[in-house]
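Visitor: Below you will find the structure I want to go over with you.
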């Protein structure tokens, strides 16, 4: 069976701004990335009172999820699921909690609940009622995977009808010493990218609600995993730009995008009706 | 969906009960609790809490973080029991590694941070093992594997979820062989964290007991060597049991508290049974998640009651034997289920004096010989992650 | 507003990072948990930490905490009672 799925939503928040595959909002000149100030605009139609209480990586994940899910026309709780891929995971919360351990009054229970990288997925699942099998996948920064292969596996095995694949990292500058020197450069950013995928073969109807089709092919030859440091979030950022119709030089024209692993290639092709 | 059972050809376990299946089973039969004093670090506020620490006399590989060492110990034991060292390297090295982990190198990173906070500087080499994925890489390197590597961090369901993911890879034909398991160590962060939630028992956990005070922390690692039944039979491997079904779900309820109705747990158990093409009445034994907290035990009991009704199998939680080893728990308890099926003996739910009247079953309180064909293992974690594994005994799976 | 109640309201807003809430907006007699502010079990534990840090009052039993946190008024009364007991010992 050829495993294939369709990407039907894309959302992002990163140093360039936030938005989905159609619309990008840029940060005001001189502004720092600040999900707190963003929250009231983003969630004004369906308020999210707890947003300010989430840790930073959860905030980023929820913003990207919110942007990607806006095109969703129907929901089905236990057929929807989410995956998050993260390199630094709960690092910021770990630091906050460890510092609180020595403070008067004792350690902070709230900070502790965010010291699990999977809490970001929990916040997304709670907010969007996703009750299917969720996954948090910590990954070394040198590997290019962005969770799409795992999402594809879930929807093709019919464990979920839709899977939200997130890549999220948020590391405060003070945490840099906690990361190995050769990994620091690519992790200095705060970002989250979300790709909503739906299972089954691409629909053959003339009217498509999808952005791109995705399939996996075996490599002819197994190769070793790439060991050169990948800019964390880099592949996800590139895919997001591809889906938005802008390649690295801001020009249109590239119609397929590949994510490679040792034995397989994920090939993502723009849906026919989205190709200009 | 039709599903051939996945064969377990090797097991490795290291925990508060020692290292290896034989020591582990002997301890379960002897009703020995591994809970005891904490010694791998000191804690002025919580050092008196009994924990499930891997005994200092137990041999673990040196080098790297404690997580890496425990994971390598568990993986090596599974590797050699499965006889994979006898496979041609070209075939062997393609095996996948899927590891559940939450604490990663935190035990070592904490020392760095403490020194940094106290004197303003520390040796950054201490934090080179910080991320969870380091143990996965270490296992792959130690076993000489060059295939797919995945780390799963789904809180206390991590180890079970890793096993489920590995089974998916084999069932789909993506992989022939996979090592799947879980690892976590005791850390100051988790000790202080769970204590800050007021969910830790100062007298050791008593799952399902009417007067239970909470959980006990533990540590350890466990691995299963998994392959398709066809692959195992073709190379003449001994099969120790089967993964007949698996399923995961999410409560989508609260970041730390479980859904009191246990709906997510129920859905995971039901889906795992459906995959295994079994009825609830086929299940002989449930190894409960049973942490000993008020909330978890009630939610799990509600889910079990809803699925099994009056046809209740034998149930026990083994958390007072091992402590709650977090990401390793689901993998350790997978080994417990497989040992139960092999030896046809159910382990006891230690610490139980009087069952909570809100729990609809009476856990097994002494190790009991029993006719077991199918066993179920539950693992539930913070964030509402749920994973259920269904095992069948080796003889039943033979063609 | 009672100065202790106002101080508690500020602590709660700061510790629990409540968005768009000012001290005056918290009704001193309204439940803090469930309805009202919609605080949950983790928030209760965070307030236990706050009590120890700001008022040197320890709570080790969550049930004691539940009663103390029933409302702002209940919390203020609990603190005053504990402080009074501490002075008379």
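Chains as they are written, first to last, in my numbering: chain A, 99 to 374; chain B, 405 to 803; chain C, 1130 to 1218. All residues carry an ideal CB built from backbone N, CA and C; glycine is no exception.
In the DSSP output, what is residue 637 of chain B paired with across the bridge?
Guide: None, per the DSSP bridge assignment.
Visitor: Taking residue 1132 of chain C as part of the alpha helix (DSSP H), name the residues at either end of that continuous run.
Guide: 1132-1144
Visitor: Would you mind reading off the limits of the beta strand (DSSP E) that contains residue 368 of chain A?
Guide: 362-368
Visitor: Are the C-beta of residue 600 of chain B and some C-beta of chain C separated by less than 8 Å?
Guide: Closer than 8 Å: yes.
Visitor: How many angstroms separate the CA atom of residue 153 of chain A from the CA atom of residue 291 of chain A?
Guide: 17 Å
Visitor: Could you tell me the alpha carbon to alpha carbon distance between residue 306 of chain A and residue 1201 of chain C, rounded to whole angstroms?
Guide: Here the model assigns residue 306 of chain A a pLDDT of 43, short of 50, so the residue's position is not dependable and the matter cannot be decided.
Visitor: Need the endpoints of the alpha helix (DSSP H) that residue 555 of chain B sits in, please.
Guide: Counting along the chain, residue 555 of chain B falls outside any alpha helix (DSSP H), though it belongs to the beta strand (DSSP E) covering 553-556.
Visitor: Kindly say whether residue 405 of chain B, judged by its beta-carbon, lies nearer than 8 Å to any beta-carbon of chain A.
Guide: Because residue 405 of chain B carries a pLDDT of 40, less than 50, the predicted location of this residue cannot be relied on, and the following value inherits that uncertainty. Cβ-Cβ to chain A under 8 Å: yes for residue 405 of chain B.
Visitor: Can you look up residue 232 of chain A in the DSSP assignment and give me helix, strand or coil?
Guide: coil
Visitor: If I measure Cβ to Cβ from residue 544 of chain B and keep anything under 7 Å in the same chain, skipping five residues before and after, which residues do I get?
Guide: Contacts found: 501 and 553.
Visitor: Can you tell me which of the three DSSP states residue 648 of chain B falls into?
Guide: The three-state reading of DSSP puts residue 648 of chain B in strand, counting E and B together.
Visitor: Using Cβ-Cβ distances below 7 Å, what residues of the segment 153-183 of chain A are close to chain C?
Guide: none
Visitor: When you check each C-beta in the segment 653-679 of chain B against every C-beta of chain C, which residues fall closer than 9 Å?
Guide: 658, 659, 660 and 661
Visitor: Looking at residue 1200 of chain C and the ligand PLP, is the gap between the Cβ and the nearest heavy atom below 7 Å?
Guide: This structure does not include the ligand PLP; it has no bound ligands of any sort.
Visitor: With residue 769 of chain B and residue 705 of chain B assumed to form a contact (beta carbons below 8 Å), what rounded beta-carbon distance in angstroms separates them?
Guide: Their Cβ separation, rounded to whole angstroms, is 16 Å, which puts residue 769 of chain B and residue 705 of chain B out of contact at 8 Å.
Visitor: Return the chain-ordered ranges of every alpha helix (DSSP H) run that is complete within the segment 460-501 of chain B and spans a minimum of 4 residues.
Guide: 470-485 and 493-496
Visitor: Using 8 Å as the threshold, is the segment 655-673 of chain B in touch with the segment 216-230 of chain A, meaning 3 or more CB pairs across them?
Guide: Under the three-pair Cβ rule at 8 Å, the segment 655-673 of chain B counts as touching the segment 216-230 of chain A.
Visitor: Which full runs of the beta strand (DSSP E) of 3+ residues lie inside the segment 674-756 of chain B, going along the chain?
Guide: 689-691 and 718-720
Visitor: Report the residue from B:476, B:548, B:531 and B:564 whose alpha carbon sits nearest the alpha carbon of residue 539 of chain B.
Guide: B:476
Visitor: Can you tell me whether residue 206 of chain A is buried or exposed? The criterion is at least 16 other CB atoms within 10 Å of its CB, across all chains shown.
Guide: buried
Visitor: Tell me residue 660 of chain B's beta-bridge partners as DSSP assigns them.
Guide: The partner list for residue 660 of chain B (beta bridge, DSSP) is empty, contrary to what the question assumes.
Visitor: Can you pull the chain A neighbours of residue 1175 of chain C, defined as C-beta to C-beta under 7 Å?
Guide: 206, 207 and 208
Visitor: Return the CA-CA distance between residue 641 of chain B and residue 776 of chain B, expressed in angstroms with no decimal places.
Guide: Residue 641 of chain B and residue 776 of chain B: Cα-Cα distance of roughly 23 Å.
Visitor: Can you list, in chain order, the residues of its chain with a C-beta nearer than 7 Å to that of residue 618 of chain B? Leave out the 5 residues immediately preceding and following it.
Guide: 603, 604, 605, 609, 696 and 697
Visitor: Would DSSP call residue 442 of chain B helix, strand or coil?
Guide: coil
Visitor: Alpha carbon to alpha carbon, what distance is there between residue 1196 of chain C and residue 1190 of chain C?
Guide: 11 Å
Visitor: Where DSSP assigns a beta bridge to residue 354 of chain A, which residues make up the other side?
Guide: A:367
Visitor: Look up residue 419 of chain B in the DSSP assignment and give the residues it is bridged to.
Guide: B:422
Visitor: Helix, strand or coil for residue 201 of chain A per DSSP?
Guide: coil
Visitor: Does any C-beta atom of chain A lie closer than 8 Å to the C-beta of residue 1192 of chain C?
Guide: Judged by the 8 Å Cβ criterion, residue 1192 of chain C is not in contact with chain A.
Visitor: I want to know whether the segment 221-238 of chain A touches the segment 557-572 of chain B - three or more CB-CB distances under 8 Å.
Guide: Taking 8 Å as the limit for Cβ pairs, the verdict is that the segment 557-572 of chain B does touch the segment 221-238 of chain A.
Visitor: Find the residues of chain B that neighbour residue 221 of chain A, judging by a C-beta separation of less than 7 Å, and give them in chain order.
Guide: 659
Visitor: When the Cβ atoms of the segment 678-689 of chain B are set against those of the segment 583-590 of chain B, are three or more pairs found closer than 8 Å?
Guide: no
Visitor: Give the straight-line distance between the Cα atoms of residue 1145 of chain C and residue 199 of chain A, rounded to the nearest whole angstrom.
Guide: Just so you know, the alpha carbons of residue 1145 of chain C and residue 199 of chain A end up roughly 17 Å apart.
Visitor: Closer than 7 Å by beta-carbon distance: list the chain B residues that pair up with residue 261 of chain A, in chain order.
Guide: Correct list: empty, because the minimum Cβ distance to chain B is about 12 Å.
Visitor: Please list, in chain order, the chain B residues whose beta carbon lies closer than 9 Å to that of residue 187 of chain A.
Guide: 508, 535, 536 and 557
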